[in-house]
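The working numbering applies: residue 7 is where the sequence shown begins, and numbers increase by one.
I have placed the structure first, in the form of structure tokens, so that the comments after it can refer back to it.
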Amino acid sequence: MAESVGLIAAERGRLAPWLAVALGAGVLLYFSLPAEPSAGAIWLAPPLLALAVWTAARWPLAGWALGLVAVAALGFAVASWQAGRQPPMPDLPRGATILEARIAAVELLPEGRRLTLEAPRLDGAAPLARHVRIRLKHDDPAEPQPGDLVRVRALVRAPAAPAYPGAWDFQRAAWFSGLAGSGFALGRAEVMAGEAGAPLLAGLRATIEARVTAAIPGAAGAVAAALLTGGQSAIPAADLGAMRDSGLAHLLSVSGLHIAIVMGLSFGLLRWLLALLPWVALRLPGKAAAALGALAVGGFYLLLTGCAVPMQRSFAMAALATLALLTGRRALSLRAWALAAAAVLLLQPAAVLGASFQMSFAAVLALIAGWEALRPHLPKPGRGAWRRRLALAAFGVLATSVLAGAATTPFGLHHFGRLQLYGVAANALAVPLTSALVMPAGMAAAALMPFGLEGLALVPMGWGVEGILVVARWVASWPGAVLTAPPIPAWGLGLCAFGMLWLCLWGARWRLLGLPFILLGLASGAWQRAPDILVSADARLIGLRAGQGLAVQKQAGASGLTRESWLRLHGVTEATLLPKTGAYSAAGIECAAGSCTLRPAPDAPAAVLLRGAPPAEVCAGAALVVSAEPVRGHCAAQVVDRFAVWRNGAHAIWLVPDGVRVLSDRAARGARPWVPSVPVPRGTTSPDPPATIE
């Protein structure tokens, strides 16, 4: 007991951040369940917290352990409560519908616009409790603004199911974001001015986007608008790809770097202005007043850019840093990181599943812990030692890029299956340009907009953005700029995250025990075998693992997004298209006359891929039959057909020596509020498949 008390005493200042970790673990536990928990499980947190407080006074180690369990129970309860309070998903029309709604937001696209419509009416029915997104035709002359009323004929579809079992769940994301569906206009939109006027922030955002893109044409204007308003939809796909492949995509996602520049410049300007007013300077603490003013500017920037998760984290930490500045404490600390994480988790528990939350908080954690470890070993620059100051500044940029890049690598591999090898070089060139020219000019442009003089600042901002795009395109063109690999599994990412937390949150040498967990997690992809067969949720796309590549059978209307997800899963950039009637031969695949036989190993069972109904000899000789069409009647082999995916979503199939292992999307996700129920044919009350499927 004495040893445990001594252990807690030695690391007392580092115990609090683990409460935020426990909170996140409770949220993750909720989302990992195959079914909704009972209502009684939500009420475990209060008694556990009370018991932890009582126990900690007598047995510190047991009290802290119980406290972690109690906070995890709190995270579980918050996630369950947030899921239960969302409005249900509506049944959307299968065909064209007339949409009437008020415009909540307008997004510029490379061609056209996308509208977010709040409480829309479909064919004159009652307003929906959720919003929808509609892409207007690219040649639509209408220029809708937030607050306008719109009437348009459109096709609207519910959020797509995962591309394969275990893939990103768009339906879960839509459940928590309030999205009912999205689609596209079939005709021109009728736009009328709304009586209530435009929402303040949405209208301001649209105005800024319009003025910026008018002053800065092309991709540079779209990037500049994204930095000021948070919307990336207008950036051309080629430039988005270059930013991503060069490791500069984080510059487009408004987050810590941007708010630090905005608040830092605001603080300096406000303090200078206060010093110019002797009467004010003598009566107000200039430093505190400037800090509070800068925080207000940062809060406005947060609201203007849409309150994305990285900005929520950044603003929470900025608020804590301001409080620390006012009270004479250290601005950036592990406790501030933990408080920011806890705030986001309590407000948006589903955010913990997204790449944005994970990569943002991982990068900041690595920066805080890394600089804490490096600071004692760095020389002090001294007055007038400009060479040393310059060297330390260059080292700071390099170390920041390395620390943040290393921390986000496991999450990038898990979510995207990509690793940008030259990100450090690209950031060394682009980040100083962003800090010294682009963001200061953007702030000046925003301040000059009320006077119509924003062009004076937008021109140099455009120069800076063009420089960033030049760097992105140049670095992305280097040989081997991007390494593609199969994504590491969820359990491997969990090992990496635990190892990183252990390494960064503790201060003693035993923190190095986190390194083996990180290495094991990074290597976990070697133990994960990609499915031998993938069938999309509409059976229009069927994929076969061909050695280290992917071969697909594709029908008209197949989802390009599903295909991209399958390519990432297999760690490749292109797929081979299986012929409709000709012959094809690859590792373990033999195709002829419209059918394919797959046997990945000599001791594995055989699967047959067909375009129509299977002959009797195929059913008798194969272990599995896969068909994009409904298979009617008896078949001795196991069957995955159009009926199977209609009921249970996408399928992943492994052919192993001891048989066939089939995993459906419904089995992987379970019975959760955001998972649609088993479909029932129209005119029946049974989930048995219909005679024809639309």
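Just so you know, even glycine gets a beta-carbon here, dropped at the ideal spot from N, CA and C.
This structure is a prediction, so every number in the text was calculated from the model and none was measured.
*Taking all protein chains shown into account, do 16 or more other C-beta atoms lie within 10 angstroms of the C-beta of Val218, making it buried, or fewer, making it exposed?*
As a first step, residue 218 must be located in the sequence shown, where it is residue number 212. With 16 or more other Cβ atoms within 10 Å, it is buried.
*Beta-bridge pairing of His657 - partner residues as DSSP gives them*: In the sequence shown, the residue the question calls residue 657 occupies position 651. Residue pairing of His657 in beta bridges, as defined by DSSP: Val541, Ser670.
_Going by DSSP, what residue range makes up the alpha helix (DSSP H) through Gln293?_
Counted from its first residue, the sequence shown places residue 293 at position 287. The sequence as given places Lys at residue 293; Gln does not occur at that position. Its alpha helix (DSSP H) spans residues 292-310.
*Is Arg381 helix, strand or coil when you go by DSSP?*
Within the sequence shown, residue 381 is the residue found at index 375, counting from 1. In this structure, Arg381 counts as helix in the three-state DSSP scheme.
*asked:* Residues in the same chain with beta-carbon distance under 6 Å from Phe182, minus the five sequence neighbours each way, listed in chain order, please.
replied: Numbered from its first residue, the sequence shown carries residue 182 at position 176. Ala356, listed in sequence order.
*In this structure, does DSSP put Glu106 in helix, strand or coil?*
Along the sequence shown, one-based indexing puts residue 106 at 100. In this structure, Glu106 counts as strand in the three-state DSSP scheme.
*asked:* Which residue wins for smallest C-alpha separation from Ile265, given the options Leu192, Arg211, Thr440?
replied: Numbered from its first residue, the sequence shown carries residue 265 at position 259. Cα-wise, what sits closest to Ile265 is Thr440.
*Nearest candidate by alpha-carbon position, reference Ala674, set Ala28, Leu34, Ser38*: Taking the sequence shown and counting its residues from 1, one reaches residue 674 at position 668. Nearest of Ala28, Leu34, Ser38 to Ala674, Cα basis: Ser38.
*Give every residue of the same chain whose Cβ lies closer than 6 Å to the Cβ of Asn654, excluding the five residues on either side of it in the sequence, and list them in chain order.*
Along the sequence shown, read from residue 1 onward, the residue named residue 654 stands at position 648. Closer than 6 Å at Cβ, skipping near neighbours: Ser670, Arg672.
*Among all the DSSP beta bridges, which residues are the ones paired with Phe190?*
Locating residue 190 in the sequence shown gives position 184, where the first residue counts as 1. In the DSSP assignment, the residues bridged to Phe190 are Arg141, Leu161.
*Reducing DSSP to helix, strand and coil, say where Ile222 ends up.*
For the purposes of this step, residue 222 is taken as residue 216 along the sequence shown, with counting starting at 1. It is coil, neither helix nor strand.
*May I ask which residues mark the beginning and end of the alpha helix (DSSP H) holding Gly555?*
For the purposes of this step, residue 555 is identified with residue 549 of the sequence shown, where counting begins at 1. No alpha helix (DSSP H) holds Gly555; the beta strand (DSSP E) holding it covers 555-560.
_Output needed for Val430: all residues of its chain with C-beta closer than 8 Å, excluding positions within five of it in sequence on either side, in chain order._
In the sequence shown, counting from the first residue as 1, residue 430 sits at position 424. If we look at Val430 and ignore the five residues flanking it on each side, its Cβ neighbours are Gly253, Leu404, Ser407, Val408, Gly411.
*Could you have a look at Tyr590 and say whether DSSP puts it in helix, strand or coil?*
One-based indexing of the sequence shown puts residue 590 at position 584. Note: Tyr590 maps to strand in three-state DSSP.
*From the DSSP output, read off the bridge partner residues of Met198.*
Counting from 1 along the sequence shown, the entry for residue 198 is found at position 192. According to DSSP, Met198 bridges with Leu155.
*Could you check which residue in Asp251, Leu207, Ser44 has the C-alpha nearest to that of Pro485?*
For the purposes of this step, residue 485 is taken as residue 479 along the sequence shown, with counting starting at 1. Of the listed residues, the one whose Cα sits closest to Pro485 is Asp251.
*For the beta strand (DSSP E) holding Cys597, just list the boundary residues, first then last.*
Taking the first residue of the sequence shown as position 1, residue 597 is located at position 591. Per DSSP, Cys597 belongs to the beta strand (DSSP E) from 595-598.
_According to DSSP, Leu123 sits in a beta bridge with which residue or residues?_
One-based indexing of the sequence shown puts residue 123 at position 117. For Leu123, the pairing in a beta bridge is given by DSSP as Ile109, Val138.
*Span separating the alpha-carbon of Pro152 from that of Arg127*: The residue you call residue 152 lines up with position 146 of the sequence shown. The residue you call residue 127 lines up with position 121 of the sequence shown. Answer to the nearest angstrom: the Cα atoms are 17 Å apart.
_Since Leu50 and Ala71 should fall inside the 8 Å C-beta cutoff, what is the C-beta to C-beta distance between them, to a whole number of angstroms?_
The residue you call residue 50 lines up with position 44 of the sequence shown. The residue you call residue 71 lines up with position 65 of the sequence shown. Actually they do not touch by this definition, with Cβ atoms about 15 Å apart.
*Does DSSP put Ala707 in a helix, a strand or coil?*
Not covered by the structure: residue 707. The range shown for the chain is 7 to 700.
_Element boundaries [beta strand (DSSP E), containing Gln426]_ = Within the sequence shown, the letter at position 420 stands for residue 426. Taken as a continuous stretch (DSSP letters only), the beta strand (DSSP E) holding Gln426 covers 424-426.
*Which residue from Lys143, Val84, Ala369, Ala379 puts its Cα closest to that of Val158?*
Along the sequence shown, read from residue 1 onward, the residue named residue 158 stands at position 152. With distances taken between Cα atoms, Val158 lies closest to Lys143.
*Count the CB pairs spanning the stretch 417-431 and the stretch 494-504 that are closer than 8 Å, and state whether there are at least three.*
yes
*Identify the continuous beta strand (DSSP E) that holds Val614 and give its terminal residues.*
Along the sequence shown, read from residue 1 onward, the residue named residue 614 stands at position 608. That run of the beta strand (DSSP E) goes 613-616.
*Output the boundary residues of the beta strand (DSSP E) element that contains Thr603.*
In the sequence shown, counting from the first residue as 1, residue 603 sits at position 597. Segment 601-604, the beta strand (DSSP E) holding Thr603.
*asked:* My output table needs one value for Leu282: the three-state DSSP class, helix, strand or coil.
replied: Counted from its first residue, the sequence shown places residue 282 at position 276. Leu282 falls in the coil class under three-state DSSP.
*Taking all protein chains shown into account, do 16 or more other C-beta atoms lie within 10 angstroms of the C-beta of Trp87, making it buried, or fewer, making it exposed?*
By 1-based counting over the sequence shown, the position of residue 87 is 81. Counting Cβ neighbours within 10 Å, Trp87 comes out exposed, since fewer than 16 surround it.
*Answer with buried or exposed for Ser339, where buried requires no fewer than 16 other C-beta atoms within 10 angstroms of its C-beta.*
Translated into the one-based positions of the sequence shown, residue 339 becomes position 333. Flag for Ser339 reads buried.
*Select from Trp65, Phe190, Pro43, Leu233 the residue whose C-alpha is nearest the C-alpha of Gly468.*
What you label residue 468 is simply residue 462 of the sequence shown in a count that begins at 1. When each option's Cα is compared against that of Gly468, the closest is Leu233.
_Which complete alpha helix (DSSP H) runs does the stretch 434-522 hold, if anything under 4 residues is left out?_
445-454, 461-482, 496-511
*Collapsed DSSP secondary structure at Leu547 in the structure displayed*: Within the sequence shown, the letter at position 541 stands for residue 547. In this structure, Leu547 counts as strand in the three-state DSSP scheme.
*Cβ neighbour criterion (16 or more within 10 Å) applied to Val358*: Along the sequence shown, one-based indexing puts residue 358 at 352. With 16 or more neighbouring CB atoms inside 10 Å of its own CB, Val358 falls in the buried class.
*Would you report the Cα separation of Gly555 and His576, rounded to the nearest angstrom?*
The count along the sequence shown starts at 1 and reaches residue 555 at position 549. The count along the sequence shown starts at 1 and reaches residue 576 at position 570. Spanning the two alpha carbons is a distance of roughly 7 Å.
_Quick check: what's the CA-CA separation for Leu276 versus Trp508?_
Here residue 276 corresponds to residue number 270 of the sequence shown, with the count starting at 1. Here residue 508 corresponds to residue number 502 of the sequence shown, with the count starting at 1. Distance between the alpha carbons of Leu276 and Trp508 is about 40 Å.
*Please go through the same chain and pick out, in chain order, the residues whose beta-carbon is closer than 6 Å to the beta-carbon of Leu55, but skip the five residues on each side of it.*
Within the sequence shown, the letter at position 49 stands for residue 55. Cβ neighbours of Leu55 beyond the five flanking positions: Ala76.
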